[in-house]
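To start, the structure itself, in C-alpha cells.
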Amino acid sequence: MNMIETNNLTKIYGNFTAVNGINLHIQKNRIYGFLGPNGAGKSTTMKLFLGLTQPTSGNFTIDNKTYPKERIQILKMIGCFIETPAFYGNLSGEENLEIIQKILGLPKQSVTDALELVGLTQFKKRLAKKYSLGMKQRLGLAGALLGHPPILILDEPTNGLDPVGIHEIRSLIRSLPKQFNCTVLVSSHLLSEVELMADDIGILNHGRLLFEGTMEQLKENAKANGLPTDNLEDTFLAMIDADNRKRGQVR
Amino acid sequence: MIFSLELKKLKRTGYMPAFLGGAVLAAAVPLLHMLVRSETFIVLPGEPLNILYDANWQMMTMLNILTIILCACIIYHTEYSDNGAQKMAVLPVCDNHIFGGKFMITVLALSGMLLFEIIILELCALHWFSDYQVQLTDLTKNFCFSLIASLPTIILMLLIASACQNMWVSLGIGVILVFTVSVFPKENLFLSLCPFNSPYQTLALVTEKGKEYIFLVTCIAETILLGIAAHKLEHVRRYFS
Ligand SMILES: Nc1ncnc2c1ncn2[C@@H]1O[C@H](COP(=O)(O)OP(=O)(O)O)[C@@H](O)[C@H]1O
Ligand SMILES: [Mg+2]
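The listed protein sequences derive, respectively, from chains X and W.
Heads up: the first sequence runs through residues 3 to 253, numbered per this note's numbering.
Heads up: the second sequence runs through residues 90 to 330, numbered per this note's numbering.
This is the structure we're talking about:
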C-alpha cells in the first residue's frame, strides 16, 4: 500500500521549474531514499508535502488524505525535519521539545524519550542557540521523532554530523520502521548513504524523477542501459551525467 | 493552551522587561513634570486629572506606542531568528491561533502598563492638588478607553512584524509610522481614528466633542478588520512561499 502518492506534482518558481511532474509511490512501513544532486528539488518536494509551499499543478495524497483540504490531519501524522533545524534559540533543547509535545498533546515522558533517542539528554538544559551544528541537527530529529508519528520526512538528516553521529543516526533511521511502525522518506545527495538506509529509491535530477524502485531494480536498470554497476556511486553519477547531457541536447 | 505556549516562547527575550521599562519611563513623565513645575499646573482652571492628561498624555502615549513597536518586533523575532516559525507551520496548529495568542499577550502587557500609568496620574493629582478625590469609575473608564484606543495600533504593529521576517524592517516601519502620524492635526476626528494616532486621544477630549461612542466603535471595528487581514496574510504567505 502507498502511504504517499504524487500525481504529476509540479512546482514552478517564477520561470524556474524546481519540481517537474513527478509521480512518487512511497510504500507503507518502508524507508524511501530520495536521492539527487544539490538543487534537484528534494527539499521543494518535501515542502510541498508539508504545505510549506503550494504546488503549481498536480496533486498528492498522504494516507489517502488530500491537500489542502485535510492539511491539519496530514500534519498530525507527520514528523519532519526540513533543510535546516528550526527551533527557538532562546529556549533550551528540552523547552523546545516541550512546545511541540504540548501542541501534539503527548505525555511529558515523550520529551525525555526523544532526547534519549538522539543522545541529547546531557545537554537538554542548554539554550538551543548555544548548540553546535550537530546538536541542532539532533534537536531537529528529536522534534521529528516526538510521539512516533506514522510518517517521517527527513531532509538530509546527517548533514553537519561527525562520522560517529552519522553512523548513529543512520542506524536509528534504519531501525524506525520496525520499532515504531512508520514510513520514512529520507533525502540525501549521497548514494552510498541511501544504499545503507533505504528499501526503495527515487532518483531526482533537475526536478525530474529519473528512476524509482528497489536497489536490485536500480542495478538491473543500469545494466540494461550500459551504465557501470560494480560501484553504485558510479552508477548514480553516470545516470545524472547521461540525463544532463540529454537535457543539454534538448536546449 | 496556545496562550501559555506563546508565553513560554518569550522566555529570556527581554519582552517583559521591555514593557516594564516602558511603563516606568512613561510614568516618570508626569512625576518629573510635577516635581519640576507643579506651580504652573496647580493654578490652572479645570479638573486636576484633565490638567495632568493635557500636560503629559502625548508624551506618555508616544512612549507606550514605541514600547508596543519594540515588543511586537521582539515577539516575532523569536519566531524568525532561528526559524521556529517553520516548525510551527508544520505542526497541526492554526497560524491564526498563534497570531491571536501574541495579540492577547500584548494586550495584557499593555493593560498592565496603562493601569500603572493611570494610577501614577491619579497619585500625582492626589499629591499636588488639594481636595482631589480618586473616583474609581473615572479611573476604570479612562483605563478602558485608552486600552480600546490602543487596540488598532497593537494589531497593526503585530501584522507588520509578522509580515517582515527581518526585525529591523518592522522596527523601522513602526518608527516611521509614529513620526508620520505625529504631524497629523490632533483635532481632526477622522485622522485621530487612524492606528498609531488613536491612542493619543483622551476620554475627556473625545467626550467634549460628544464622539466617544463613534470613536470606540471605530477602534473596535478597525481591530476586527486588521484581524481579518492577518488571517488573509497567512494564506497569501503560504501561496507565495
Ligand atoms: N523560494 C524559492 N524561490 C525560487 N527558487 C527556489 C526557491 N526554493 C528553491 N528554489 C530553487 O529550486 C531548486 C531546488 O531546490 P531544493 O528543492 O532546495 O533542492 P535540493 O534537492 O538540494 O533540496 C533550486 O535550484 C533552488 O534554487
Ligand atoms: Mg535540500
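Note that beta-carbon positions come from the ideal geometry of N, C-alpha and C, so glycine has one too.
Keep in mind that this is a model prediction, so the values were computed, not measured.
Identify the continuous alpha helix (DSSP H) that holds residue i and give its terminal residues.
i	result
residue 170 of chain X	165 to 182
residue 173 of chain W	173 to 178
residue 227 of chain W	225 to 252
residue 156 of chain X	Unbroken run through residue 156 of chain X is the beta strand (DSSP E), 153 to 157; no alpha helix (DSSP H).
residue 136 of chain X	135 to 147
residue 295 of chain W	292 to 297
Using only the alpha-carbon positions, how far apart do residue i and residue j sit?
i	j	result
residue 207 of chain X	residue 138 of chain X	29 Å
residue 119 of chain W	residue 151 of chain X	57 Å
residue 116 of chain W	residue 307 of chain W	28 Å
residue 35 of chain X	residue 323 of chain W	32 Å
residue 315 of chain W	residue 278 of chain W	20 Å
residue 139 of chain W	residue 150 of chain W	15 Å
residue 173 of chain W	residue 89 of chain X	4 Å
residue 229 of chain X	residue 9 of chain X	29 Å
residue 218 of chain X	residue 241 of chain X	16 Å
residue 102 of chain X	residue 184 of chain X	19 Å
residue 220 of chain X	residue 163 of chain W	51 Å
residue 284 of chain W	residue 271 of chain W	12 Å
residue 62 of chain X	residue 93 of chain X	35 Å
residue 295 of chain W	residue 301 of chain W	5 Å
residue 161 of chain W	residue 231 of chain X	58 Å
residue 233 of chain W	residue 258 of chain W	31 Å
Where does residue i fall in DSSP's three states?
i	result
residue 192 of chain W	helix
residue 130 of chain W	helix
residue 13 of chain X	strand
residue 312 of chain W	helix
residue 141 of chain W	helix
residue 111 of chain W	helix
residue 256 of chain W	helix
residue 1 of chain X	Look at the range of chain X in this structure, 3 to 253, and you will see that residue 1 of chain X is not part of it.
residue 277 of chain W	coil
residue 160 of chain X	coil
residue 151 of chain W	helix
residue 5 of chain X	strand
residue 150 of chain X	coil
residue 286 of chain W	coil
Which residues bound the beta strand (DSSP E) around residue i?
i	result
residue 28 of chain X	27 to 29
residue 20 of chain X	18 to 24
residue 221 of chain W	Unbroken run through residue 221 of chain W: none, as it is neither H nor E.
residue 99 of chain W	Taken as a continuous stretch (DSSP letters only), residue 99 of chain W belongs to no beta strand (DSSP E), as it is neither H nor E.
residue 122 of chain X	Note, residue 122 of chain X: premise wrong, no beta strand (DSSP E); not H, not E.
residue 37 of chain X	33 to 37
Short check: CB of residue i to CB of residue j, under 7 Å?
i	j	result
residue 248 of chain W	residue 319 of chain W	yes
residue 148 of chain X	residue 116 of chain X	yes
residue 68 of chain X	residue 12 of chain X	no
residue 91 of chain X	residue 170 of chain W	yes
residue 136 of chain X	residue 162 of chain X	yes
residue 194 of chain W	residue 305 of chain W	no
residue 256 of chain W	residue 158 of chain W	no
residue 113 of chain X	residue 156 of chain X	no
residue 203 of chain X	residue 196 of chain X	yes
residue 226 of chain X	residue 237 of chain X	no
residue 126 of chain X	residue 96 of chain X	yes
Which runs of the beta strand (DSSP E) at least 3 residues long sit entirely within the segment 39 to 107 of chain X? Give them in chain order. DSSP runs (the beta strand (DSSP E)) wholly in the segment 39 to 107 of chain X: 59 to 64 and 80 to 83.
Which ranges would you report for the alpha helix (DSSP H) in the segment 185 to 239 of chain X if only whole runs of at least 4 residues count? 193 to 199 and 217 to 226, all fully within the segment 185 to 239 of chain X.
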